[in-house]
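Notes to accompany the following structure.
Residue numbers (the working numbering): 4 to 399.
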């Protein structure tokens, strides 16, 4: 089972001239107004799957092929299936906790596929779709939630950092890394993911300020899923989140986070300007958390069913499927094969998780210091004696 998509990453030429932009323009009249009371945002696919023109961002996806569109659809379907399987495994006692991405597939797949191989990604604990795009085997994401490791993958193997549980701290990590990239003279970029709740943390504001002052090649990607656990967006901010970038001196854009094509285009724009040395940008992906914050949460206690129903009508996967069918880019054979692949992925995830070995109890003492340390050696010996006491007690 491969985790690579047919919409594989490939180097991109700057699309600024093709889109008629300089890379520093802000979205203005080219934004679309979503249904109901939704705010203005960049949208290329309507909830009905209709392609709409956007003079500022069309150029960033003008070369996308039907095969790549099918690849984006495959990415979202398989990511959702993996996520559903992980949720089920937690309910069965196989995982201690799980943070679902249900409803946020387009924001993650679109932005993840915009990255180049040499870019570096700093995720939260919910970026399962971005991990997929970076080539991280999905089963590697589950070890931490099962309690058998502290991460599960080599961050430098895919330029995808370990999941960050502390809210907002990864924005500072990403900014520092991006400053290092600039000092090294590389033309790669860094992208940091966080949620709307994290935008209220001081770490994020500090990261914005440092990134702006040092012109760091970093993109801040905020998935505004409307709820910071049980705290609604309205109780977190007095202005749209993307407008906060203005106060720090760099551009901010709000994109329809349920539109994978728009998410891809806007992130390509932001990453390309960062690689050109034009500094940071903030993307607010306006989306919705369809499930609970984590499996320990009960969203029915603080939000209404009609709110979820309204967002179900904007489902990112259904939206792209409608577009594929209307454009004759996919047939029933494609969807049938993908369903079979989805079932195979679910089966593999179940088998791998249940076969995960218990962790080495002494692994916590490894790699603390590069050359060893007397205190760590002492603590290891104390822990070994403590563990041996249980064997002694059983033998009595």
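Quick reminder that beta carbons are idealized off the backbone N, C-alpha and C, glycines included.
Item: Going by CA-CA distance only, name the one from 143, 278, 106, 281 that's closest to residue 317.; Value: 106
Item: Just the Cα atoms here: how many angstroms apart are residue 163 and residue 181?; Value: 14 Å
Item: From the DSSP output, which residues share a beta bridge with residue 257?; Value: 287
Item: Taking 8 Å as the threshold, find out whether the stretch 110 to 117 comes into contact with the stretch 129 to 148 through three or more Cβ pairs.; Value: yes
Item: Mapping the DSSP letters down to three states, classify residue 234 as helix, strand or coil.; Value: strand
Item: Along the beta strand (DSSP E) that carries residue 195, what are the first and last residues, could you check?; Value: 193 to 198
Item: Compute the Euclidean distance between the alpha carbons of residue 228 and residue 150, then round it to the nearest angstrom.; Value: 27 Å
Item: Which stretch, first to last residue, makes up the alpha helix (DSSP H) that contains residue 212?; Value: 205 to 216
Item: Please classify residue 268 as buried or exposed, where buried requires at least 16 other C-beta atoms within 10 Å of its C-beta.; Value: buried
Item: Run the CB neighbour count on residue 391, radius 10 Å, all protein chains shown included, and call it buried at 16 or more, exposed below.; Value: exposed
Item: Out of curiosity, what's the CA-to-CA distance linking residue 381 and residue 375?; Value: 11 Å
Item: Report the residue from 385, 123, 161 whose alpha carbon sits nearest the alpha carbon of residue 178.; Value: 123
Item: Give the straight-line distance between the Cα atoms of residue 322 and residue 94, rounded to the nearest whole angstrom.; Value: 29 Å
Item: Taking Cβ positions, are residue 282 and residue 253 nearer each other than 7 Å?; Value: yes
Item: For residue 363, count neighbouring Cβ atoms within 10 angstroms of its own Cβ and tell me buried if that reaches 16, exposed if not.; Value: exposed
Item: Pairs of beta-carbons, one from the stretch 291 to 299 and one from the stretch 215 to 223, closer than 8 Å: are there three or more?; Value: no
Item: Tell me, which residues are paired with residue 222 by DSSP?; Value: 194, 284
Item: Mind checking residue 216: buried by the 16 CB within 10 Å criterion, or exposed?; Value: exposed
Item: Expressed to the nearest angstrom, what Euclidean distance is found between the alpha-carbon atoms of residue 290 and residue 255?; Value: 16 Å
Item: I'd like to know whether the C-beta atoms of residue 259 and residue 104 end up nearer to each other than 7 Å.; Value: no
Item: Spell out the partners DSSP gives residue 54 in its beta bridges.; Value: 48
Item: Tell me residue 227's beta-bridge partners as DSSP assigns them.; Value: 289
Item: By the 10 Å Cβ neighbour count, where 16 or more other Cβ atoms means buried, how is residue 370 classified, buried or exposed?; Value: exposed
Item: Looking only at DSSP bridge pairs, what is residue 125 linked to?; Value: 195
Item: Answer yes if the stretch 230 to 239 comes into contact with the stretch 269 to 279, meaning at least three C-beta pairs across the two stretches below 8 Å, and no otherwise.; Value: no
Item: Can you tell me the Cβ-Cβ gap for residue 74 and residue 325, rounded? I've got them flagged as a contact below 8 Å.; Value: Contact flag wrong, Cβ pair sits at about 17 Å.
Item: Following the continuous alpha helix (DSSP H) through residue 173, name the residue where it begins and the one where it ends.; Value: 172 to 187
Item: Determine whether the beta carbon atoms of residue 184 and residue 156 lie at a separation below 7 Å.; Value: no
Item: Which of helix, strand or coil does DSSP assign to residue 391?; Value: helix
Item: Taking DSSP as the reference, what is the three-state secondary structure of residue 337?; Value: helix
Item: Work out the CA separation of residue 331 and residue 46 for me, nearest whole Å.; Value: 21 Å
Item: Spell out a yes or no on whether the stretch 345 to 363 and the stretch 69 to 89 are touching, meaning 3 or more CB-CB pairs, one atom from each, closer than 8 Å.; Value: yes
Item: Have a look at 90, 207, 280 and flag the residue whose alpha-carbon is nearest the alpha-carbon of residue 244.; Value: 207
Item: List the endpoints of the continuous alpha helix (DSSP H) containing residue 111.; Value: 108 to 117
Item: Report buried or exposed for residue 226, applying the criterion of at least 16 other Cβ atoms within 10 angstroms of its Cβ.; Value: buried
Item: Alpha carbon to alpha carbon, how far is residue 353 from residue 340? Give it in angstroms, no decimals.; Value: 20 Å
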